[in-house]
Amino acid sequence: MGEESIADSQSAEDWLSHAQELVPVALNKAREVKGFPGRWKMIMSKLEQIPACLLDLSTHPCFSKNALCKEQLHAMLKTLKGAIELADLCVGEKYEGKLRMQSDLDALSGKLDLNLRDCCLLIKTGVLGEATLPSSVAVSSAEPEATTHSNIRELLARLQIGHLEAKHRALDSLFEVMKEEEKNGLAVFGRSNIAALVQLLTATSPRIREKTVTVICSLAESGSCENWLISEGVLPPLIRLVESGSSVGKEKATISLQRLSMSTETARAIVGHGGVHPLIEICWTGDSVSQAAAACTLKNISAVPDVRQTLAEEGIIRVMINLLDCGILLGSKEYAAECLQNLTASNDNLKRSVVSEGGLRSLLIYLDGPLPQESAVGALRNLVASVSVEILISLGLLPRLVHVLKCGSLGAQQAAASAICRVCTSTEMKRLVGEAGCIPLLVKMLEAKSNRVSEVAAQAMSCLMILSQNCREVKRDDKSVPNLVQLLDPSPQNTAKKYAVSCLASISSSKKCKKLMISYGAIGYLKKLTEMDFPGAKKLLERLERGKLKNLFSRK
Numbered sequence: 001m002g003e004e005s006i007a008d009s010q011s012a013e014d015w016l017s018h019a020q021e022l023v024p025v026a027l028n029k030a031r032e033v034k035g036f037p038g039r040w041k042m043i044m045s046k047l048e049q050i051p052a053c054l055l056d057l058s059t060h061p062c063f064s065k066n067a068l069c070k071e072q073l074h075a076m077l078k079t080l081k082g083a084i085e086l087a088d089l090c091v092g093e094k095y096e097g098k099l100r101m102q103s104d105l106d107a108l109s110g111k112l113d114l115n116l117r118d119c120c121l122l123i124k125t126g127v128l129g130e131a132t133l134p135s136s137v138a139v140s141s142a143e144p145e146a147t148t149h150s151n152i153r154e155l156l157a158r159l160q161i162g163h164l165e166a167k168h169r170a171l172d173s174l175f176e177v178m179k180e181e182e183k184n185g186l187a188v189f190g191r192s193n194i195a196a197l198v199q200l201l202t203a204t205s206p207r208i209r210e211k212t213v214t215v216i217c218s219l220a221e222s223g224s225c226e227n228w229l230i231s232e233g234v235l236p237p238l239i240r241l242v243e244s245g246s247s248v249g250k251e252k253a254t255i256s257l258q259r260l261s262m263s264t265e266t267a268r269a270i271v272g273h274g275g276v277h278p279l280i281e282i283c284w285t286g287d288s289v290s291q292a293a294a295a296c297t298l299k300n301i302s303a304v305p306d307v308r309q310t311l312a313e314e315g316i317i318r319v320m321i322n323l324l325d326c327g328i329l330l331g332s333k334e335y336a337a338e339c340l341q342n343l344t345a346s347n348d349n350l351k352r353s354v355v356s357e358g359g360l361r362s363l364l365i366y367l368d369g370p371l372p373q374e375s376a377v378g379a380l381r382n383l384v385a386s387v388s389v390e391i392l393i394s395l396g397l398l399p400r401l402v403h404v405l406k407c408g409s410l411g412a413q414q415a416a417a418s419a420i421c422r423v424c425t426s427t428e429m430k431r432l433v434g435e436a437g438c439i440p441l442l443v444k445m446l447e448a449k450s451n452r453v454s455e456v457a458a459q460a461m462s463c464l465m466i467l468s469q470n471c472r473e474v475k476r477d478d479k480s481v482p483n484l485v486q487l488l489d490p491s492p493q494n495t496a497k498k499y500a501v502s503c504l505a506s507i508s509s510s511k512k513c514k515k516l517m518i519s520y521g522a523i524g525y526l527k528k529l530t531e532m533d534f535p536g537a538k539k540l541l542e543r544l545e546r547g548k549l550k551n552l553f554s555r556k
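Those letters in the sequence shown? Residues 1 to 556, by the UniProt record's numbering.
So, in structure tokens, the structure goes:
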């Protein structure tokens, strides 16, 4: 009969009794040994701790019901038998060599440490109470979900006790169960299980590290254990795996960091632990999935203003421009555009760096592709004020802005209108933007349900209408006056009224436009705004009412 069959045939009480009998035997044998006194003294001190450990184990309510408890007693017995055999060899001086015996004694000491630690974990961490009952009992359970929970609890417990190969088998089984029962699997994770997983990320076995980071990646993506993962110190080992793990390890570690970096504090911590350089290296050399995950992680980090300079010093601008041009997956290009938008939000030095590295040209070329344009246009909006009109024209900015205003998403249109506001600092640029065909598109944007979009469109029009030829273009558009009048609504939610007043004032000298303003109810809006002392409202109201009186007298 094999060793495992013998173990199954014995009860936990039998194993306990056998272990209690062997402890004094092992101690007596150890005391007879004359050689290797230092090592045997340490071994005896550990043997002396076993009775108290066995007592704690035997008095636990789940002692006789738990499969792990029985396995632990079996492991303890093997160690005690090994101690007796080594003591006999030392007493009879029958060992092969001094160095070999020293190594065997050190291994025995390590096994005793492991047995004592695992027994302590079984009791103190609650593993003994959480782990499954023997399989014959578990199978009879009427609730499949309860059985799944029990199986996962046992696998999680096995991550904390036993030797490395046993933990490896437990990881294999845990990963398979989690794939089939992801929701149920995540529900039974506790902090001690997370701590055990994080510790396995630094195991000497590459296979263990790879399998562990795969489980941790599932946990990170679920969003249910982020705080525990961070508090148990998952970031440094994940960063090391990104730096020097296997291809699978790098991919799963990078995806884990991508999910965790959505938190501002974690993003800062990744920078503090030296994670930026390995992520940038992945952007240069990684496969498609790893590259996209690294780009997204860096994009998340770049959203934190106080770390942007550190990112720039690590070379993030150059790598993001390269991704815009050559990213393997389309998602990598999109993340790069978002990252550049974040980096150029407020820092003038970073804006100049992006321009000098050729980022303006890459962003404009990106707009010709099929990807979402909002972030790229947002980055351009941040940059245009730092570049001369001549360069912007030569690079083809205006036709691309027109294309975005015509075909882009609402967010991209908003960013394009904002870019127009920033770029129109000269009469020449106002003329060119008007001639490019932007005004009818901005007029249409005034109809947007989003207050912010209509506000930016009205602001861009207000800026352009300083030029008389652009005013004529606005007058020619049948929708301009009704759309602008609607934006006179005095409600606090309407943030576009300031620019609507300005635009209407610019065309109020036209009799046709005055009549249209009056017919669409501008006077009622302006009276309310005048009562609120809103800038420009009173003057525009007087113009309209004066025109109304003239019309009245002329009819009489």
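By construction, the Cβ of each residue, glycine as well, lies at the ideal position given by its N, Cα and C atoms.
Does residue i pass the burial test, meaning 16 or more other C-beta atoms within 10 Å, or should it be called exposed?
| i | result |
| --- | --- |
| residue 277 | exposed |
| residue 532 | exposed |
| residue 344 | buried |
| residue 99 | exposed |
| residue 466 | exposed |
| residue 52 | exposed |
| residue 290 | buried |
| residue 326 | exposed |
| residue 567 | Past the boundaries of the shown model lies residue 567; the chain is included only from 1 to 556, so the question cannot be answered. |
| residue 97 | exposed |
| residue 247 | exposed |
| residue 34 | exposed |
| residue 169 | exposed |
| residue 165 | exposed |
| residue 227 | exposed |
Between the beta-carbon of residue i and the beta-carbon of residue j, is there less than 9 Å?
| i | j | result |
| --- | --- | --- |
| residue 121 | residue 161 | yes |
| residue 503 | residue 458 | yes |
| residue 252 | residue 214 | yes |
| residue 583 | residue 260 | No statement about residue 583 is possible, as the shown extent of the chain runs from 1 to 556 and does not include it. |
| residue 424 | residue 460 | yes |
| residue 83 | residue 29 | yes |
| residue 303 | residue 336 | no |
| residue 101 | residue 86 | yes |
| residue 381 | residue 352 | no |
| residue 484 | residue 433 | no |
| residue 50 | residue 16 | no |
| residue 235 | residue 269 | yes |
| residue 46 | residue 155 | no |
| residue 389 | residue 445 | no |
| residue 317 | residue 292 | no |
| residue 171 | residue 212 | yes |
Between the alpha carbons of residue i and residue j, how many angstroms are there, rounded?
| i | j | result |
| --- | --- | --- |
| residue 392 | residue 179 | 52 Å |
| residue 197 | residue 158 | 11 Å |
| residue 71 | residue 48 | 21 Å |
| residue 469 | residue 489 | 28 Å |
| residue 527 | residue 487 | 14 Å |
| residue 348 | residue 309 | 11 Å |
| residue 358 | residue 454 | 32 Å |
| residue 273 | residue 481 | 57 Å |
| residue 569 | residue 275 | The structure shown does not extend to residue 569, since the chain spans only 1 to 556, so no value can be given for it. |
| residue 305 | residue 340 | 12 Å |
| residue 12 | residue 67 | 9 Å |
| residue 89 | residue 104 | 11 Å |
| residue 287 | residue 395 | 32 Å |
| residue 320 | residue 76 | 56 Å |
| residue 237 | residue 207 | 15 Å |
| residue 362 | residue 324 | 6 Å |
| residue 499 | residue 462 | 6 Å |
| residue 148 | residue 401 | Its pLDDT being 48, under 50, residue 148 is placed unreliably in this model, and the value from its coordinates should be taken loosely. Each residue's alpha carbon lies about 56 Å from the other. |
| residue 225 | residue 231 | 10 Å |
Since residue i and residue j are thought to touch, with beta carbons under 8 Å apart, how far apart are those beta carbons, to the nearest angstrom?
| i | j | result |
| --- | --- | --- |
| residue 254 | residue 271 | With 8 Å as the limit, residue 254 and residue 271 do not qualify as a contact, their Cβ atoms being about 15 Å apart. |
| residue 497 | residue 529 | 7 Å |
| residue 570 | residue 239 | Absent from the structure is residue 570, since the part of the chain shown begins at 1 and ends at 556. |
| residue 332 | residue 355 | At roughly 22 Å, the Cβ-Cβ gap does not stay under 8 Å, so residue 332 and residue 355 are not in contact. |
| residue 108 | residue 194 | At roughly 32 Å, the Cβ-Cβ gap does not stay under 8 Å, so residue 108 and residue 194 are not in contact. |
| residue 414 | residue 456 | 5 Å |
Any beta-carbon of chain C closer than 9 Å to the one on residue i?
| i | result |
| --- | --- |
| residue 522 | The question asks about chain C, but that chain is absent: this structure has only one protein chain. |
Discussion item. Would the stretch 367-377 count as touching the stretch 394-408 if we require 3 or more Cβ pairs under 8 Å?
Written reply: yes
Discussion item. Pairs of beta-carbons, one from the stretch 531-543 and one from the stretch 495-510, closer than 8 Å: are there three or more?
Written reply: yes
Worksheet item: Are at least three pairs of beta-carbons, each pair with one atom in the stretch 436-444 and one in the stretch 472-487, less than 8 Å apart?
Response: yes
Worksheet item: Contact between the stretch 89-107 and the stretch 50-61: three or more CB pairs below 8 Å?
Response: no
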